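Accompanying notes for the structure given below.
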Amino acid sequence: MMLAALHLAWRYVARHRLQTLLLAGALALVITLPLCLRVVVQATEATMRERAVSTPQLVGARGSALDLMLTALYFKRQPLPPVAMKHLHELREANLGSAIPLDVRFHAQESPIVGTEIEYFGLRSLRIANGKMITRLGDCVLGARTALRRGLKPGDAIFSSQEQVFDMAGIYPLKMRITGVLTPNGTPDDDAVFVDLKTAWLIQGLAHGHEDVSTTRDTVLKTETDNLVANASVRMFNEVTDKNLDGFHFHGDTSAYELSAILVVPKDPKSEALLAGRFLKGTNAVQLIRPREEYDALMSTLFQVQTLAFSVLGLTLIAAAAISALVFALSFRMRRREFKTLGDVGVSPLALSLTKLFEITLVGAGGLALALIITLFVQWNASTWVQLLLK
Amino acid sequence: MSGISLQDLSFSYPGSSFRLHVNGLEVAPGAGFGLLGPSGAGKTTLLRLMTGLLQPQSGLVQLGNTALQALSEAERRAFRLSEVGLVFQDFALLDYLTVEENILLPQRFRSHTSASASDRARDLAERLEIGQHWQKLAGQLSQGERQRIAIARALAHKPRFVFADEPTASLDSRRRSRVMDLLMEYTHEQQACLVMVTHDTELMPLFPNHARVEDFTS
Chain A
1 MMLAALHLAW RYVARHRLQT LLLAGALALV ITLPLCLRVV VQATEATMRE
51 RAVSTPQLVG ARGSALDLML TALYFKRQPL PPVAMKHLHE LREANLGSAI
101 PLDVRFHAQE SPIVGTEIEY FGLRSLRIAN GKMITRLGDC VLGARTALRR
151 GLKPGDAIFS SQEQVFDMAG IYPLKMRITG VLTPNGTPDD DAVFVDLKTA
201 WLIQGLAHGH EDVSTTRDTV LKTETDNLVA NASVRMFNEV TDKNLDGFHF
251 HGDTSAYELS AILVVPKDPK SEALLAGRFL KGTNAVQLIR PREEYDALMS
301 TLFQVQTLAF SVLGLTLIAA AAISALVFAL SFRMRRREFK TLGDVGVSPL
351 ALSLTKLFEI TLVGAGGLAL ALIITLFVQW NASTWVQLLL K
Chain B
392 MSGISLQDLS FSYPGSSFRL HVNGLEVAPG AGFGLLGPSG AGKTTLLRLM
442 TGLLQPQSGL VQLGNTALQA LSEAERRAFR LSEVGLVFQD FALLDYLTVE
492 ENILLPQRFR SHTSASASDR ARDLAERLEI GQHWQKLAGQ LSQGERQRIA
542 IARALAHKPR FVFADEPTAS LDSRRRSRVM DLLMEYTHEQ QACLVMVTHD
592 TELMPLFPNH ARVEDFTS
């Protein structure tokens, strides 16, 4: 009897597969939404947590602490007020820990160009998997995913992208020599292009290279005391080579050069407390944040939103269940004649009830299976999507 | 007595002036019995009383040695499922099942879907000229084909009592005689009782025993 009821239910559901799929799909969606929300929040938590925890302190221009954290830790592409190099010098002079500069304002297509110093690679446990480390101005090393995605290897070149398309007077993209590819560490580092801090400034236009004006007299506009002013015909370099390396030079006061942020690794808890104290003043142009605390605040907000969404989705689920019950009730009502015939033939009311129950179960199971597939798909891709969101 | 016996049977619908009374009616095993009458005369009501689908106010319906009134509702259902073959006027097929599934449906609910039952069902389908549609959905077939599926379903589990409500109404004359041959042959071979409701007077020669329903109603 059970098998007959199941067979009958299955045949009905299979015959009306479009209606079944629609109903199961609707159920799947209302089941999936809270599950996916949970999965995405967990993925966000997992993606952001380790990075936040492994970065004790962060110094940046006063403003949004969250923006500062997202830029310095996850290389999120967003405008951030810069911090001057002099603050890096001050931090180093204080001798309370190591200070690592970060310049995250430029991109090579979708990949952030991170200008930093060699200590950064040690802090993030990044090693060269192929090739060698940056050796001079204009060199870069690639994060593992960037190299893989773009099919680049040591010896190849990569261009920086123009940040302002309409800035006609802006600098040309810099062609950078790839000297190495880093080991993957499953963080935003894998998507980055790492350059020396000076190369970042070169991209910014604070340094430049051109042919020697003193040896090519037709490029001289005027001669001043101890100075030659070039005319517009002087040839500018957009690539650093061993030949033209000496033609590159910086202008202005380097202590005023800009950084995006400074990562700080204090020597000990006392140094950490002292450093925090130095930046407490509200009048300070810069701020010091603890990424862990910012991360906790962000997650707390996310959990609150999640709880609210769960409440709304819970109500939606109840509504969907009520509508499904109505759909089944109407369907069974329309098929009264069919069930009466089966009863007339001699099929018991229990068998008929089982048939109806199996139909509901099959649709419900279909909905659950769909929900599971969607959730697994979201889970499979969640960390990639979260990383895209952080870009 | 292994035939059908009706004694002092009285029935009326609540709030209706329709009355049906049968003093006595016997259908012998291996014989057919015709029920004649115009539409709305009460043929189907009498058929439903004979199968236990309706309960009389008084009187007795006996199928073989079983008095239907002595059975509980569940027992009557079980009895119908195993001993009775029903051909409904509107065929009452499930359109989302194949011809095979429709024919074997009562047996499936009795957990009697053996290979021999399936062979027998297939044989019936061949004889009723619907074998070529064996795996087609019932909903895709014509009225005549559907009627023959309904007849095959009624006979597939070898019932001792066959009740057919206008089983040839949708058939052409060739197929009508083929269906009637099959029903009569089955009745003789299985020593079953066949009660057939019809308004087709051309079929009356096949039923030496018959009655007009108007004689039972008031």
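Protein chains in written order, with my numbering: chain A, 1 to 391; chain B, 392 to 609.
Built from N, CA and C at the ideal position, the CB exists for glycine as well.
No experiment lies behind these values; they were computed from the predicted model shown.
- Across the structure, E517 of chain B and L23 of chain A are spaced so that their CA atoms are roughly 39 Å apart.
- Taking all protein chains shown into account, F377 of chain A has fewer than 16 neighbouring C-beta atoms within 10 Å of its C-beta and is therefore exposed.
- Judged by DSSP secondary structure, T135 of chain A falls outside any alpha helix (DSSP H); it is assigned neither H nor E.
- For F500 of chain B, the C-beta contacts it makes with chain A under 9 Å involve M1, A4, A5, L8, L342, V345, G346, V347, S348, A351, in order along the chain.
- Interface with chain A (7 Å Cβ-Cβ cutoff): L459 of chain B is excluded.
- Residues of the same chain with a CB within less than 8 Å of the CB of V40 of chain A, apart from the 5 flanking positions on each side, are V378, A382, W385, V386 in chain order.
- With respect to the 7 Å criterion, N130 of chain A and V181 of chain A are classified as neighbours on the basis of their beta carbons.
- If you check the CB distance, M587 of chain B and A545 of chain B do not come in under 7 Å.
- Residue range 17-53 is occupied by the alpha helix (DSSP H) that includes L27 of chain A.
- For L597 of chain B, the closest of B:A529, B:Q480, B:E576, B:F482 by C-alpha to C-alpha distance is B:E576.
- Residue pairing for I262 of chain A: DSSP places it in a beta bridge opposite A:V59, A:P101.
- For a cut-off of 8 Å, the C-beta gap from P291 of chain A to L58 of chain A is around 6 Å, short enough to register as a contact.
- According to the DSSP assignment, P420 of chain B belongs to no beta strand (DSSP E), since it is labelled neither H nor E.
- Nearest CB-CB separation between R15 of chain A and chain B: below the 7 Å threshold.
- L102 of chain A has its alpha-carbon roughly 14 Å from the corresponding atom of H89 of chain A.
- Take the alpha-carbon of M441 of chain B and the one of V452 of chain B: they are about 6 Å apart.
- In the three-state reduction of the DSSP assignment, P154 of chain A falls in the coil class.
- Identification of chain B residues near E338 of chain A by a Cβ-Cβ cut-off of 7 Å yields L485, ordered along the chain.
- At a beta-carbon threshold of 9 Å, the residues of chain B lying near R11 of chain A are L485, Y487, L488, T489, E492, ordered along the chain.
- Taken atom to atom, the span from the alpha-carbon of A9 of chain A to that of T436 of chain B is near 31 Å.
- Here the alpha carbons of A297 of chain A and T44 of chain A stand approximately 13 Å from one another.
- The C-alpha of L532 of chain B lies about 37 Å from the C-alpha of A322 of chain A.
- Per DSSP, reduced to three states, the secondary structure at M299 of chain A is helical.
- Under a criterion of Cβ atoms nearer than 8 Å, no residue of chain A is adjacent to F402 of chain B; the nearest Cβ is some 17 Å distant.
- Within the region 282-333 of chain A, complete alpha helix (DSSP H) segments of at least 4 residues are not found at all.
- With a threshold of 16 other beta carbon atoms within 10 Å, Y74 of chain A meets it and is buried.
- The straight-line gap separating the alpha-carbon atoms of Q19 of chain A and R38 of chain A is approximately 29 Å.
- From the beta-carbon of F479 of chain B, the residues of chain A found nearer than 8 Å are T341, D344.
- Judged by DSSP in its simplified three-state form, N185 of chain A adopts coil rather than helix or strand.
- Listed in chain order, the non-local C-beta contacts of W201 of chain A below 8 Å within the same chain comprise D103, G115, A207, F250, Y257, local neighbours out to five positions each way being set aside.
- If the five residues before and after Q398 of chain B are omitted, its C-beta is found closer than 7 Å to the C-beta atoms of G415, G450, L451, all from its own chain and listed in chain order.
- Residue pairing from DSSP places K222 of chain A in a beta bridge opposite A:V229.
- In this structure, the alpha-carbon of V418 of chain B lies about 12 Å from that of R551 of chain B.
- At least 7 Å separates the beta-carbon of G143 of chain A from that of V240 of chain A.
- Taking a beta-carbon distance threshold of 7 Å, L444 of chain B counts as an interface residue toward chain A.
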